[in-house]
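Here the sequence shown is numbered in the working numbering, starting from 1 and rising by one per residue. C-beta: ideal position from N, C-alpha, C; glycine also.
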Amino acid sequence: MTQGMLKEGIVAGRLSPRQYAENFSDLHPPLDRHEAHVEADRCYFCYDAPCMNACPTSIDIAMFIREIATGNPLGAAETIFEQNILGGMCARVCPTEQLCEEACVREAAEGKPVKIGQLQRHATDVAMTEGKQFFTRARATGKRIAVVGAGPAGLACAHRLAMHGHEVTIFDSRPKAGGLNEYGIATYKTPDGFARAEVDYVTAIGGIAIELGQQLGRDFTIDDLKAEYDAVFLGIGLGGVNALRAEGEEDGIEGLANAVDFIAELRQAKDLSTLSIGRRVVVVGGGMTAIDAAVQSKLLGAEEVTICYRRGQEHMNASQFEQDLAASKGVIIRHWLTPKRVLRDGGRVTGIELEYTQLADGKLTGMGHTMTIAADQVFKAIGQTLEDRWAEGMTLVGGRIDTDAEGRTSREGVWAGGDCIVAGDDLTVTAVAQGRDAAESINRTLSAATLIEKVGALANG
Numbered sequence: 001m002t003q004g005m006l007k008e009g010i011v012a013g014r015l016s017p018r019q020y021a022e023n024f025s026d027l028h029p030p031l032d033r034h035e036a037h038v039e040a041d042r043c044y045f046c047y048d049a050p051c052m053n054a055c056p057t058s059i060d061i062a063m064f065i066r067e068i069a070t071g072n073p074l075g076a077a078e079t080i081f082e083q084n085i086l087g088g089m090c091a092r093v094c095p096t097e098q099l100c101e102e103a104c105v106r107e108a109a110e111g112k113p114v115k116i117g118q119l120q121r122h123a124t125d126v127a128m129t130e131g132k133q134f135f136t137r138a139r140a141t142g143k144r145i146a147v148v149g150a151g152p153a154g155l156a157c158a159h160r161l162a163m164h165g166h167e168v169t170i171f172d173s174r175p176k177a178g179g180l181n182e183y184g185i186a187t188y189k190t191p192d193g194f195a196r197a198e199v200d201y202v203t204a205i206g207g208i209a210i211e212l213g214q215q216l217g218r219d220f221t222i223d224d225l226k227a228e229y230d231a232v233f234l235g236i237g238l239g240g241v242n243a244l245r246a247e248g249e250e251d252g253i254e255g256l257a258n259a260v261d262f263i264a265e266l267r268q269a270k271d272l273s274t275l276s277i278g279r280r281v282v283v284v285g286g287g288m289t290a291i292d293a294a295v296q297s298k299l300l301g302a303e304e305v306t307i308c309y310r311r312g313q314e315h316m317n318a319s320q321f322e323q324d325l326a327a328s329k330g331v332i333i334r335h336w337l338t339p340k341r342v343l344r345d346g347g348r349v350t351g352i353e354l355e356y357t358q359l360a361d362g363k364l365t366g367m368g369h370t371m372t373i374a375a376d377q378v379f380k381a382i383g384q385t386l387e388d389r390w391a392e393g394m395t396l397v398g399g400r401i402d403t404d405a406e407g408r409t410s411r412e413g414v415w416a417g418g419d420c421i422v423a424g425d426d427l428t429v430t431a432v433a434q435g436r437d438a439a440e441s442i443n444r445t446l447s448a449a450t451l452i453e454k455v456g457a458l459a460n461g
């Protein structure tokens with residue numbers, strides 16, 4: 001244990017430069033050509049492809065694995081990108097163990113599925129490294145679409161619309177495009193600026209402009225966009241952060257922070273040694289954000305990191321792989337605990353008091369007795385919400401935008417997808433599917449309107 005790790009409080013530089021580099025290196029080193037061929041040969045190429053049915057973007061997985069097996073990684077990449085233009089990122093961050101790999105026949109037969117995610121990364125990396133583009137724009141339609149949010153849903157929507165010949169402008173409030181892929185995913189999952197490279201790859205098709213530092217509700221409204229564009233797509237994510245609803249939770253307390261802000265700061269840091277971390281850290285939550293915040297706290301040099309979740313392990317949104325990863329890094333995960341009071345010494349966090357919980361008749365209730373955990377830092381990772389002012393008259397259900405199966409909102413000419421909608425599930429791959437499908441719906445709508453205009457013009461002579 002280094003001397004730096006023994007320092008009390010929230011401090012920077014707990015580790016050596018070598019340790020930072022090792023801790024935040026690629027979580028899954030890429031397969032080389034030989035390794036990819038060996039792994040691809042394990043696929044049974046099932047005729048009913050249960051893995052494909054388990055993929056939210058419906059990638060033809062058996063096909064792209066066969067293409068890798070026959071020495072055609074570029075063909076495999078094209079097969080992937082046809083359904084998921086952000087296939088490179090999804091290969092890195094998808095919970096494949098809960099999706100395609102869980103459905104793999106080899107998983108059922110021997111408990112060792114084909115490494116679909118790593119094979120997908122192999123193929124897409126080859127294509128992106130070589131700068132190989134598989135799609136071209138159709139003839140210009142003259143239609144203009146505004147996309148709000150440069151995250152996975154917005155990028156997927158913009159790319160598909162550009163393929164159909166439409167002009168797209170993406171607006172995003174951040175200084176960089178990419179959304180959660182750029183700001184909200186653990187650094188060790190996407191090192192070496194991959195999120196930025198993927199944005200460049202997606203927009204290389206042409207016809208896509210990105211306006212950064214432009215926030216819906218501050219710099220423009222949906223009415224403004226509807227007056228200037230033929231359609232609007234909202235991929236705005238969830239900007240609000242849920243509160244702990246615990247005594248002593250106030251803004252400005254040293255050591256109490258939102259996990260999403262912590263992860264974003266870490267992702268944008270040029271020198272990890274400048275980032276401060278507590279000696280003892282508590283993360284409240286049970287999803288992927290909680291895991292990412294906890295693991296990265298440990299990798300930054302925190303001595304003790306504990307995740308506290310109000311329900312049982314089986315209820316956690318984080319995948320079993322993510323939970324196991326956290327445990328392997330020394331993170332303690334405690335269940336059936338809900339925050340009651342943030343402990344403070346003046347304006348500084350000293351710990352957190354939690355109440356034991358239980359399910360009674362299907363309802364989560366407190367048991368009346370508590371325990372405390374000493375901490376220099378407490379991160380909130382209990383979910384995010386949509387800021388109502390962004391909805392501008394659209395129907396909300398459970399704090400998210402209600403849409404139909406094609407992504408149409410209750411406002412004419414406005415579609416939405418990703419985390420901000422009711423059907424969103426906080427997965428990059430689902431956001432991509434929703435953005436892509438909304439783009440197809442927008443294209444059909446605009447094409448029908450154009451046809452009606454032409455027929456009307458002919459009728460009027």
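- chain D within 8 angstroms of E314, Cβ atoms only: This model lacks chain D altogether; it includes just one protein chain.
- Message: How far does the alpha helix (DSSP H) with E198 in it extend, from its first residue to its last?
- Response: F194 to T203
- Cβ-Cβ distance between I59 and Q377 below 8 angstroms: no
- Query: Do I145 and Y229 have their C-beta atoms within less than 8 angstroms of each other?
  - Reply: yes
- Item | Between the CA atoms of A12 and A49 - distance to the nearest angstrom | 49 angstroms
- Item | Reference Q434; option with closest CA among A423, R444 and I170 | A423
- Query: Thinking just about the alpha-carbon of each residue, which of I185, G154 and M163 is nearest to the one in S173?
  - Reply: G154
- Query: Is there contact between the region 21 to 33 and the region 115 to 126, where contact requires at least three CB pairs shorter than 8 angstroms?
  - Reply: yes
- Task: Keeping to the same chain, check which residues put their C-beta closer than 6 angstroms to that of T372; ignore five residues upstream and five downstream.
- Result: G351 and E353
- Query: Should G151 and G179 be called a contact, given that it needs their Cβ atoms to be closer than 8 angstroms?
  - Reply: yes
- Query: Considering only residues of the same chain and omitting the five flanking positions on each side of Q313, which have a CB-CB separation below 6 angstroms?
  - Reply: H335
- Query: Looking at N84 and T57, is the spacing between their C-beta atoms short of 8 angstroms?
  - Reply: yes
- Sequence-distant residues of its chain with Cβ nearer than 8 angstroms to G413 (five each side left out): K226, D230, A231 and V232
- Is the distance from the Cβ of Y188 to the Cβ of D426 below 8 angstroms? no
- Quick check: the region 77 to 92 against the region 154 to 173, are there 3 or more CB pairs under 8 angstroms? yes
- Task: Rounded to whole angstroms, what's the CA-CA distance from D404 to L396? Just pull it up for me.
- Result: 12 angstroms
- Query: Is DSSP giving P339 helix, strand or coil here?
  - Reply: strand
- Message: Going by the DSSP bridge assignment, what does L256 pair with across the sheet?
- Response: V378
- Item | Length-filtered (3 minimum) beta strand (DSSP E) runs lying within the region 303 to 359 | 304 to 308, 332 to 334 and 337 to 345
- Message: Run through the DSSP bridge pairs and tell me what A209 is partnered with.
- Response: T169
- Message: A438 and A392 - do their beta-carbons sit closer together than 8 angstroms?
- Response: The sequence shown places Glu at residue 392, rather than the Ala named in the question. It is not a contact, given that the beta carbons lie outside the stated cut-off.
- Query: What number of angstroms, rounded off, separates the C-alpha of A269 from the C-alpha of I263?
  - Reply: 10 angstroms
- Run of the beta strand (DSSP E) containing R121, from where it starts to where it stops: Where R121 is concerned, there is no enclosing beta strand (DSSP E), although the alpha helix (DSSP H) it sits in stretches over I116 to T129.
- Anticipated Cβ contact below 8 angstroms, N460 with H164, distance rounded: Not quite, the Cβ-Cβ distance comes to about 27 angstroms (not below 8 angstroms), so this is no contact.
- Query: Does the region 202 to 221 come close enough to the region 248 to 259 that 3 or more CB-CB pairs lie under 8 angstroms?
  - Reply: no
- Verify whether the separation of the beta carbon atoms of A374 and R280 is less than 8 angstroms. yes
- On the three-state DSSP scale, how would you describe M52? helix
- Query: Is DSSP giving A177 helix, strand or coil here?
  - Reply: coil
- Message: Once DSSP output is grouped into helix, strand and coil, what is the label at R280?
- Response: strand
- Message: Looking only at its chain, what residues have a beta carbon closer than 7 angstroms to the beta carbon of C100, apart from the 5 residues adjacent to it on each side?
- Response: C51, A54, C55, I61 and I116
- Message: Tell me the rounded alpha-carbon separation between Y309 and R348.
- Response: 23 angstroms
- Can we say the region 87 to 96 touches the region 119 to 134, given the rule of at least three CB pairs closer than 8 angstroms? yes
- Task: Can you give me the start and stop residues for the alpha helix (DSSP H) that L234 sits inside?
- Result: Where L234 is concerned, there is no enclosing alpha helix (DSSP H), although the beta strand (DSSP E) it sits in stretches over A231 to L234.
- Return the residue from the list S319, G142, H369 and G240 that minimises the CA-CA distance to G399. G240
- Starting from the N-terminal side, write out each stretch of the beta strand (DSSP E) that is 3 residues or longer and does not extend beyond the region 5 to 33. 10 to 12
- Residues near C46 by beta carbon distance below 7 angstroms, same chain, minus five either side: A62 and V105
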